[in-house]
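What follows is a set of notes on a single structure, which appears directly below.
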Amino acid sequence: MNEKELVRLLSEMANGSKQAFDQFYETTISFVYQIALSIVHNHAEAEDICHDVFLEVYGKAKQYSEDRGSVKAWLAVRTRSRSLDRLRRNKWLLTDRLEELVDKKGKVPATELYFLQSIEKHILIDALKEIPENQRQAIIRSYFHDETHGEIALKMNKPLGSVKSFIRYGINNLQKQKSLVQWVMGGSRGEKNE
1 MNEKELVRLL SEMANGSKQA FDQFYETTIS FVYQIALSIV HNHAEAEDIC HDVFLEVYGK
61 AKQYSEDRGS VKAWLAVRTR SRSLDRLRRN KWLLTDRLEE LVDKKGKVPA TELYFLQSIE
121 KHILIDALKE IPENQRQAII RSYFHDETHG EIALKMNKPL GSVKSFIRYG INNLQKQKSL
181 VQWVMGGSRG EKNE
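The structure is reproduced here in structure tokens:
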């Protein structure tokens, strides 16, 4: 569909045409979805962003002005903005969630295990590569091999208190890792900033 048709559909949407909205949606959904997906790297999140963008477009169709750029540029800006908003919100949720994992005694409740196990494995693996070896080993053994702190202490030949500290400090260090921050902020996966 050409630019003139998109402008016409937006104009009709501004006057309340649901049919124009449906046609506009069908014509531009893949464009909006691809932009959202390229930023958030998650299909479900990208679909939610599309929903938000099209609700916004329907409600603000009158705000579009041809002299400020093409319809697709206008859509791209809105999509990018909603995607970045989503990443910022998710960053705070992730940070809050990581902080909740460790209580004041350094224990991680069993009900919290699903969180570490649900982070995309390759992102977590990249982050784990950046923390000290003892912390990495303790976290991997605890969360991915389901070993108790006592078993980890025996296998690592370390005191039990040290193992608990490795896990606690390891989780704190994971919070600070660039790869996790890049992931929630939409950066490239696996790339390292020098």
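Residue numbering for the sequence shown follows UniProt numbering, beginning at 1 and increasing consecutively. Where is the CB? At the ideal position from N, CA and C, for every residue including glycine.
Practice prompt. Quick one: measure Cβ to Cβ for Leu-75 and Phe-31, integer angstroms, because I've assumed they're closer than 8 Å.
Written response: Contact holds; Cβ gap of about 7 Å.
Worksheet item: Mind checking Tyr-64: buried by the 16 CB within 10 Å criterion, or exposed?
Response: buried
Fill in: Residue span of the alpha helix (DSSP H) that contains residue 196, given as start and end
The requested residue 196 is not part of the displayed model; the chain covers only 1 to 194.
Item to complete: Would you give the residue range spanned by the alpha helix (DSSP H) that Met-1 belongs to?
Response: Careful: Met-1 lies outside any alpha helix (DSSP H) and carries neither H nor E.
Discussion item. Checking 8 Å against the spacing of the C-beta atoms, do Tyr-169 and Gln-137 come in under that value?
Written reply: no
Discussion item. So the candidates are Phe-24, His-41, Asn-173; which of them puts its Cα closest to the Cα of Lys-129?
Written reply: Asn-173
Worksheet item: Mind checking whether the beta-carbon of Lys-4 lies closer than 7 Å to any heavy atom of the ligand SAM?
Response: Ligands displayed in this structure: none; no statement on the ligand SAM is therefore possible.
Item to complete: List the whole-angstrom C-beta distance separating Tyr-25 from Phe-54, where the pair is believed to meet the contact cut-off of C-beta under 8 Å.
Response: 6 Å
Fill in: Those runs of the alpha helix (DSSP H) which lie wholly inside the region 27–89 and span at least 4 residues
43–59
Worksheet item: Just reading off the alpha helix (DSSP H) that Ser-165 is part of, what are its end residues?
Response: 160–175
Discussion item. Am I right that Leu-10 and Val-71 are in contact with their C-beta atoms under 8 Å? What's the rounded C-beta distance?
Written reply: Contact between Leu-10 and Val-71 holds, with the beta-carbon distance rounding to 6 Å and staying under 8 Å.
Item to complete: Spatial neighbours of Leu-37 within its chain, please: CB distance less than 6 Å, with the 5 preceding and 5 following residues excluded, ordered by chain position.
Response: Ala-46
Worksheet item: Sorted by chain position, which residues of the same chain lie with C-beta nearer than 8 Å to Ile-29's C-beta, five sequence neighbours on each side aside?
Response: Excluding sequence neighbours, Ile-29 sits near Cys-50, Phe-54.
Item to complete: Over the uninterrupted alpha helix (DSSP H) stretch that includes Glu-151, give me the two end residues.
Response: 149–156
Worksheet item: Rounded C-beta distance between Leu-6 and Val-40? I'm assuming under 8 Å.
Response: Wrong, their Cβ atoms sit about 24 Å apart, outside the cutoff.
Worksheet entry | Burial state of Thr-148 (16 or more Cβ within 10 Å) | exposed
Worksheet item: Is the CB-CB distance between Ile-131 and Arg-141 below 8 Å?
Response: no
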